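First to last, the sequence lines map onto chains A and B. So the first sequence is numbered by the numbering used here: it starts at 38 and just counts up by one. So the second sequence is numbered by the numbering used here: it starts at 151 and just counts up by one.
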Amino acid sequence: QQPVQSPQAVILREGEDAVINCSSSKALYSVHWYRQKHGEAPVFLMILLKGGEQKGHDKISASFNEKKQQSSLYLTASQLSYSGTYFCGTESNSGYALNFGKGTSLLVTP
Amino acid sequence: DGGITQSPKYLFRKEGQNVTLSCEQNLNHDAMYWYRQDPGQGLRLIYYSQIVNDFQKGDIAEGYSVSREKKESFPLTVTSAQKNPTAFYLCASSDGTPHQGYYEQYFGPGTRLTVT
């Protein structure tokens with residue numbers, strides 16, 4: 038079942054912060070985050086594991102609240118290179134493939 | 151250089167024709183996946199394969215078929231039964247499936263299929 042991402046789109050000025058949310062109606066074992074630039078393949082950012090701690094990747098970090106079946110991606114001091122569409126992929130108890138959300142389009146302007 | 155290749159990048163077909171999209175990986179990954187991407191719809195799983203000679207339907211398998219005769223290859227055939235085949239198709243692979251552990255997926259560059 039497809040997780041729900043919010044917001045659908047966000048526009049930031051360089052240096053501003055953003056939060057992208059991902060929620061599922063199913064119990065989750067892990068959440069993956071990917072970023073896709075226009076016309077390119079999605080690129081892996083990080084995995085959040087059940088029972089794991091908040092992960093970080095440069096100025097991009099994420100959290101996973103397994104009780105609420107939600108994950109959030111935090112982009113701080115955004116850079117122009119952060120522009121793209123962010124997808125969360127969730128693993129539920131079937132576990133053989135990820136279910137991806139519809140994506141959040143992020144545009145960082147100078 | 152290890153990676154995933156998809157060919158061709160752009161493909162045009164007439165309605166009623168079957169078409170096969172190529173996906174090859176040299177990452178020695180066991181698991182491979184096919185996704186369809188439409189504007190505003192995210193990535194929807196068509197088929198996945200955990201191991202050679204085995205594959206499973208995803209959420210939108212109707213009108214598609216796959217084979218997995220070799221570890222490195224996972225071609226997708228879009229048949230004439232697929233009602234709306236025009237889309238961007240992405241192939242991915244991973245060392246294992248989520249059920250086996252926590253593996254990131256590596257994506258190919260995609261094939262944009264247009265059927266008229």
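All residues carry an ideal CB built from backbone N, CA and C; glycine is no exception. Keep in mind it's a predicted model, so treat the numbers as computed, not measured.
Contact check between the stretch 205-214 of chain B and the stretch 160-179 of chain B: fewer than three CB pairs, one atom from each, fall below 8 Å, which does not count as touching. Taking C-beta atoms under 8 Å as the contact rule, Y214 of chain B and L195 of chain B fail to qualify, at a distance of about 11 Å. Identification of chain A residues near G152 of chain B by a Cβ-Cβ cut-off of 7 Å yields none; the smallest Cβ-Cβ distance measures about 14 Å. Cβ-Cβ distances below 8 Å link Q38 of chain A to S61, S62, K63, S129 and N136 in the same chain, with the five nearest sequence neighbours on each side left out; the list follows chain order.
Excluding sequence positions up to five before and after Y256 of chain B, its CB lies within less than 8 Å of the CB of G153, I154, Q175, L177, H179, A242, S243 and S244, all in the same chain and listed in chain order. Buried is the label assigned to Q156 of chain B, since at least 16 other Cβ atoms lie within 10 Å of its Cβ. For L144 of chain A, no CB of chain B lies under 9 Å from its own CB, so it is not counted at the interface with that chain. Judged by beta-carbon spacing, L110 of chain A lies within the 9 Å limit of Y123 of chain A, meaning their Cβ atoms are closer than that value.
Closer than 9 Å to the CB of I57 of chain A there is not a single CB belonging to chain B.
Neighbours of F257 of chain B in chain A, taken as residues at a C-beta separation under 7 Å, are given in chain order as A78 and P79. Restricting attention to A:G140, A:V56, A:F101 and A:L86, the CA atom closest to the CA of G121 of chain A is found in A:G140.
Interface residue (Cβ-Cβ distance to chain A less than 9 Å): Q175 of chain B is not classified as such. S118 of chain A carries a helical assignment under DSSP once its states are collapsed to helix, strand and coil.
Ranked by Cα distance from T146 of chain A, the options A:P44, A:N102, A:L49 and A:P40 are led by A:L49. When rounded, the separation of the alpha-carbon atoms in R163 of chain B and K104 of chain A is 47 Å.
With its beta carbon less than 9 Å from one in chain A, Y183 of chain B belongs to the interface. Nearest in C-alpha terms to Q107 of chain A, of all of A:Q116, A:L85 and A:Y133, is A:L85. For V68 of chain A, the three-state secondary structure derived from DSSP is strand.
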